[in-house]
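There are 2 protein chains.
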Amino acid sequence: MMATRDKLIDGAIAAIREHGIAGVSARTIAATAGVNQALVFYHFGSVDDLLAEACRSVTAARVAVYRARLADVSSLRELLDIGRTLHRQEQAEGNLAVLAQLLAGAQNDPTLAESTAAALRIWTVEIESVLHRLLDGSPIAPVVDPAGLARAVSAAFIGLELYDGVDPEGASAAFDALERLAVLVEVIDDLGPLARRAARAKLRHLT
Amino acid sequence: MMATRDKLIDGAIAAIREHGIAGVSARTIAATAGVNQALVFYHFGSVDDLLAEACRSVTAARVAVYRARLADVSSLRELLDIGRTLHRQEQAEGNLAVLAQLLAGAQNDPTLAESTAAALRIWTVEIESVLHRLLDGSPIAPVVDPAGLARAVSAAFIGLELYDGVDPEGASAAFDALERLAVLVEVIDDLGPLARRAARAKLRHLT
DNA sequence: GTCTATAACGAGATAGAC
DNA sequence: GTCTATCTCGTTATAGAC
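Chains as they are written, first to last, in the working numbering: chain U, 27 to 233; chain L, 27 to 233.
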């Protein structure tokens with residue numbers, strides 16, 4: 027038997043998945059959770075605060091699944107494999123959709139903005155540490171910024187999820203294109219000092 | 027003097043910008059437009075249909091601004107420059123935010139899904155044709171897919187916009203990281219057949 | 001902690017006067 | 001084409017019985 031508080035958190039996540047951020051309410055959440063509507067306010071004070079808590083909850087749970095696997099990664103290729111698996115899995119379970127909806131709602135809601143920012147930070151911190159480990163010794167280290175790249179990956183996952191909702195084939199092609207770009211990075215990585223010097227020169231011109 | 031129909035379309039866009047997709051209603055739109063609430067239903071039938079029309083309207087207007095400029099692009103560097111300008115401009119005017127909110131709403135709304143898919147198609151068709159023109163002769167042509175890449179760019183802009191709403195510094199770092207990756211593509215492009223062969227071999231392993 | 005009942009309000013949508 | 005008025009329903013939130 028599950029505590030009402032937890033039922034409401036799970037109900038909130040399911041309701042966002044099903045109705046989107048524009049369709050969630052204390053009533054839809056309570057109905058999904060199978061509890062009385064008034065309990066939303068008793069346990070969380072407001073719908074907003076429940077959504078914020080749900081955001082924290084789902085993020086902690088999902089990151090925990092991948093933390094160990096990410097810690098074992100020792101090559102860019104392996105990282106790409108995990109990235110593909112993570113994308114497929116989280117997309118299928120609807121966790122990416124939930125995060126995307128919360129993030130959309132956060133644009134006009136300070137409470138949600140805080141919790142989604144924290145959620146994204148938890149993901150990017152994890153990705154960033156792997157990228158640091160993999161890239162610090164590589165010849166392209168001076169060219170790539172692990173912190174920025176980790177955030178870019180997170181943003182891309184969100185954007186691709188929303189794209190997928192209205193054009194699945196297009197989103198799939200986009201994901202493949204990004205994967206190939208990542209392989210290009212590997213190619214430069216293998217070419218060694220020659221490419222490294224060329225890349226550095228190019229980047230100097232940019233700034 | 028502006029026609030009421032157009033006032034409502036502009037009002038809808040402004041209301042999405044201000045309140046997000048979860049906060050728009052016939053009342054908020056009409057108030058923003060400065061017209062009576064009942065006119066939403068007289069002119070468009072439903073709020074949904076007004077939003078769909080607003081989506082088409084804002085997309086057509088914004089793409090028109092860049093179409094000529096994109097047609098003149100003759101190098102990857104120039105394309106990156108326009109991309110940066112476009113991102114800065116559309117972000118500042120809130121047009122990216124509007125598209126992101128519409129896309130989020132589209133995930134659970136077939137009417138909106140159709141119009142946002144059309145909007146994204148209009149953008150990607152434009153980008154794709156430029157990429158084809160620039161990359162078809164290049165040594166990395168067999169490695170990159172212009173259609174997929176154009177969609178990836180669109181998705182990334184959406185994702186970065188949402189990210190920016192909750193963490194502006196992080197989003198800025200992410201954008202910079204992606205720009206540097208694009209420069210890496212240029213580097214490979216310049217290295218010629220050597221890198222081309224290496225990239226092809228890598229990609230064969232991937233599939 | 002959980003329920004019913006209800007207050008107070010905003011939502012989509014329509015009817016009918018002008 | 002535009003307005004007022006209104007219907008019906010869903011919304012957040014609270015009071016109070018159990």
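Virtual Cβ for every residue (Gly too), placed ideally from N, Cα, C.
Output yes if chain L places a C-beta closer than 8 Å to the C-beta of residue i; else output no.
i             : result
residue 115/U : no
residue 8/U   : Within the shown structure, residues of chain U are numbered from 27 to 233, placing residue 8/U beyond reach of any answer.
residue 186/U : yes
residue 196/U : yes
residue 193/U : yes
residue 232/U : yes
residue 228/U : yes
residue 169/U : yes
residue 34/U  : no
residue 174/U : yes
residue 177/U : yes
Check for me: the alpha helix (DSSP H) holding residue i runs from which residue to which?
i             : result
residue 83/L  : 73-97
residue 59/L  : 52-59
residue 198/L : 194-217
residue 107/L : 102-119
Helix, strand or coil: how does DSSP classify residue i here?
i             : result
residue 29/U  : coil
residue 136/U : helix
residue 64/L  : coil
residue 170/L : coil
residue 48/L  : coil
residue 162/U : coil
Is there a C-beta anywhere in chain U that falls below 8 Å from the one on residue i?
i             : result
residue 189/L : yes
residue 180/L : yes
residue 214/L : yes
residue 37/L  : no
residue 162/L : no
residue 53/L  : no
residue 48/L  : yes
residue 110/L : no
residue 122/L : no
Can you give the beta carbon distance from residue i to residue j, rounded, assuming they're within the 8 Å contact cut?
i             : j             : result
residue 152/L : residue 112/L : Contact doesn't hold; Cβ gap of about 11 Å is too wide.
residue 183/U : residue 105/U : The Cβ separation is near 14 Å, so there is no contact.
residue 133/U : residue 115/L : The Cβ separation is near 19 Å, so there is no contact.
For residue i, is the beta carbon positioned less than 7 Å from some heavy atom of the ligand COA?
i             : result
residue 120/L : Of the ligands one can find in the structure shown there are none, so the ligand COA has no counterpart to examine.
Quiz item: Mind listing which residues of the segment 80-108 of chain L have their C-beta closer than 8 Å to chain U's C-betas, in chain order?
Solution: none
Quiz item: Using a Cβ cut-off of 8 Å, which residues of the segment 57-78 of chain U contact any Cβ in chain L, in chain order?
Solution: none
Quiz prompt | Near-chain U residues of the segment 198-213 of chain L (beta-carbon distance less than 7 Å), N- to C-terminal order | solution = 199, 200, 202, 203, 204, 206, 207, 209, 210, 211, 212 and 213
Quiz item: Taking any Cβ of chain U, which residues in the segment 128-148 of chain L have a Cβ under 7 Å from it, in chain order?
Solution: 129, 130, 131, 132, 133, 134, 139, 142, 143 and 146
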